[in-house]
Amino acid sequence: MKRILAFIGTVLTMITLISCNQKQEAKAEVAAPKKVAIVYSTGGKGDKSFNDSAYRGLQMAKEKLNVEFSEYEPKDPSAEAQNQLFQYAEQGDYEIIIGVGFNMKDALVAAAKAFPKQKFALVDDETPALPNVVSLMFKEQEGSFLLGALSAMVTKTNTIGFVGGCQAPVIWRFQAGFEQGAKYVNPNINVLPVFINGNNPFNDPQTAKTLSETLVGKKADILFQVAGASGAGVFQAAKEKHVYALGVDSNQDGEEPGVILTSMVKHVDNAIFAIIKDTLEGKFEPGVRRFGLADNGVSTTDFEFTKDVVTPEIQAKLKELAEKIKSGEIKVTDQVAK
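Written as structure tokens, this is what we have:
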């Protein structure tokens, strides 16, 4: 009888333990996701460039880190964006609030000062030192160096063009690297820069197309666009004029297959995922984080549609240059030559 009672006791204990474990697992399964908010740069999602890369970073965080996010696409990067940043911060629900683009700087700084306990991240510009802000920066000049080198190896006219959205430090970093890479391969190459400017430089494809046609008229046969959604105009001009183009920020090669030699991918997605992960793990650190070739912050694509032009020999040369940049043998500055 004692043995039977002991057996029954053991069984009941096991059932209790299993039940407790199941309850704990159930609690774990229904743990509420952490919240993140983002205010995109002007142009919003669908630009097949900078904002879309940011969105991919959020999707990665949602899938891998149990995060849910709120998002906003402003038409105005100043007052409208600032109002939205304030609204998110006032709610007090978000682990971190992200502002995308250098034109978001003033709005984000104002929000960070008004809500010192809220963590913020700014993509593509540096803020004054604030204890609740991290700036996510990229060594665009390193990736652009490779595109300049590639262009110098492919051009038939010894003239290439650069189409920037506006005159701003981040755009100059692209330009600086592009020019240095081209002249590293061919010191005598002509690099012609133009800038869209205006009220909406990153969403003005018609002006971008017109400027691109002007460059082609000056014998440029490869055009590197750093202009957000305006880049579509550069691609259209390249297609119509039978020259090559270069994409930026995201893999844009498929936008005009065979026309776009490659894209200088700025892995905003990786940077945003990294800062969300660090924040959730209690590793948020204010200041500046820079992402370059060595840490997969920037890269070229794999030349899916242009392997007939970007031959194995050229690809090998680009890999060699990339390794020299990573090792420090080649130093790429972020300043445009005077």
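So in full-length UniProt numbering, the last spot in the sequence shown is 338, and the numbers never skip. Even glycine gets a Cβ: it sits at the ideal position worked out from N, Cα and C.
Exercise for the section: Sort out for me which residues DSSP pairs MET137 with in a bridge. Expected result: Taking the first residue of the sequence shown as 1, we reach residue 137 at position 137. Answer by DSSP bridge pairing, in chain order: ARG290.
Exercise for the section: Could you spell out where the beta strand (DSSP E) holding GLN225 opens and where it closes? Expected result: In the sequence shown, residue 225 corresponds to position 225, counting from 1. Start and end: 222 to 226.
Handout entry: Limits of the beta strand (DSSP E) - the one that THR159 falls within
Key = The sequence position of residue 159 within the sequence shown is 159, counting from 1. For THR159, the enclosing beta strand (DSSP E) has its first and last residue at 159 to 164.
Handout entry: CB contact flag (LEU280, ILE260, <8 Å)
Key = For the purposes of this step, residue 280 is taken as residue 280 along the sequence shown, with counting starting at 1. For the purposes of this step, residue 260 is taken as residue 260 along the sequence shown, with counting starting at 1. Cβ atoms of LEU280 and ILE260: not closer than 8 Å.
Practice task
Using only the heavy atoms of the ligand GTP, determine whether one of them is closer than 7 Å to the beta carbon of ASP249.
Solution key: As far as ligands go, the structure on display features none, and thus does not contain the ligand GTP.
Practice task
Compute the distance between the beta-carbons of THR333 and GLN141, then report whether it is under 8 Å.
Solution key: Counted from its first residue, the sequence shown places residue 333 at position 333. Counted from its first residue, the sequence shown places residue 141 at position 141. Their beta carbons are under 8 Å apart, which means THR333 touches GLN141 by this criterion.
Practice task
Identify every run of the beta strand (DSSP E) within the stretch 85 to 129, keeping only runs that are complete inside it and at least 3 residues long; order them along the chain.
Solution key: Listed in chain order, they are 96 to 100 and 120 to 123.
Problem - Those runs of the beta strand (DSSP E) which lie wholly inside the stretch 42 to 89 and span at least 3 residues - result: Here the runs fully enclosed are 67 to 72.
Problem - Contacts around ILE325, its chain only, beta-carbon distance under 7 Å, and the 5 residues preceding and following it disregarded - result: The residue given as residue 325 occupies position 325 in the sequence shown. Within the same chain, and ignoring the five residues on either side of ILE325 in sequence, the residues whose Cβ sits closer than 7 Å to its Cβ are GLU142, PHE145, LEU293 and VAL332.
Handout entry: Inter-residue Cα distance where the pair is GLN335 and ARG173
Key = Position 335 of the sequence shown, counting from 1, holds the residue named residue 335. Position 173 of the sequence shown, counting from 1, holds the residue named residue 173. Distance between the alpha carbons of GLN335 and ARG173: 6 Å.
Problem - Secondary structure, alpha helix (DSSP H): runs of 4+ residues fully inside the stretch 253 to 298 - result: Taking only runs of at least 4 residues, the alpha helix (DSSP H) segments lying wholly in the stretch 253 to 298 are 268 to 280.
Practice task
Could you have a look at VAL154 and say whether DSSP puts it in helix, strand or coil?
Solution key: Start at 1 with the first residue of the sequence shown, and residue 154 comes out as number 154. Helix at VAL154.
Practice task
Give the DSSP bridge partners of ALA37, in chain order.
Solution key: To locate residue 37, count along the sequence shown from 1; it is residue 37. Answer is SER70 and ILE97, bridged to ALA37.
Practice task
Could you check if GLN236 is buried or exposed, using at least 16 other CB atoms within 10 Å of its CB as the buried criterion?
Solution key: Sequence index remark: in the sequence shown, residue 236 carries index 236 (1-based). It counts as buried.
Practice task
Classify ALA229 as helix, strand or coil using the three-state DSSP reduction.
Solution key: For the purposes of this step, residue 229 is taken as the residue at position 229 of the sequence shown. Helix, per DSSP.
Handout entry: One or two residues paired with TYR244 in a DSSP bridge
Key = Here the question's residue 244 lines up with position 244 in the sequence shown. Answer is ILE222.
Exercise for the section: State buried or exposed for LYS2, treating a residue as buried only when at least 16 other CB atoms are found within 10 Å of its CB. Expected result: By 1-based counting over the sequence shown, the position of residue 2 is 2. Its pLDDT being 49, under 50, LYS2 is placed unreliably by the model, and the measurement read from it follows with that caveat. Taking a 10 Å sphere around the C-beta of LYS2, we find fewer than 16 other C-beta atoms and assign the residue as exposed.
Exercise for the section: For LYS64, count neighbouring C-beta atoms within 10 Å of its own C-beta (all shown protein chains included) and say buried if the count is 16 or more, exposed if not. Expected result: Here the question's residue 64 lines up with position 64 in the sequence shown. Taking all protein chains in view, the Cβ of LYS64 is surrounded by fewer than 16 other Cβ atoms within 10 Å, so the residue is classified as exposed.
Practice task
Output yes or no for whether 8 Å exceeds the beta carbon distance between SER151 and ILE222.
Solution key: Stepping through the sequence shown from its first residue, residue 151 is reached at position 151. Stepping through the sequence shown from its first residue, residue 222 is reached at position 222. The answer is yes: Cβ separation under 8 Å.
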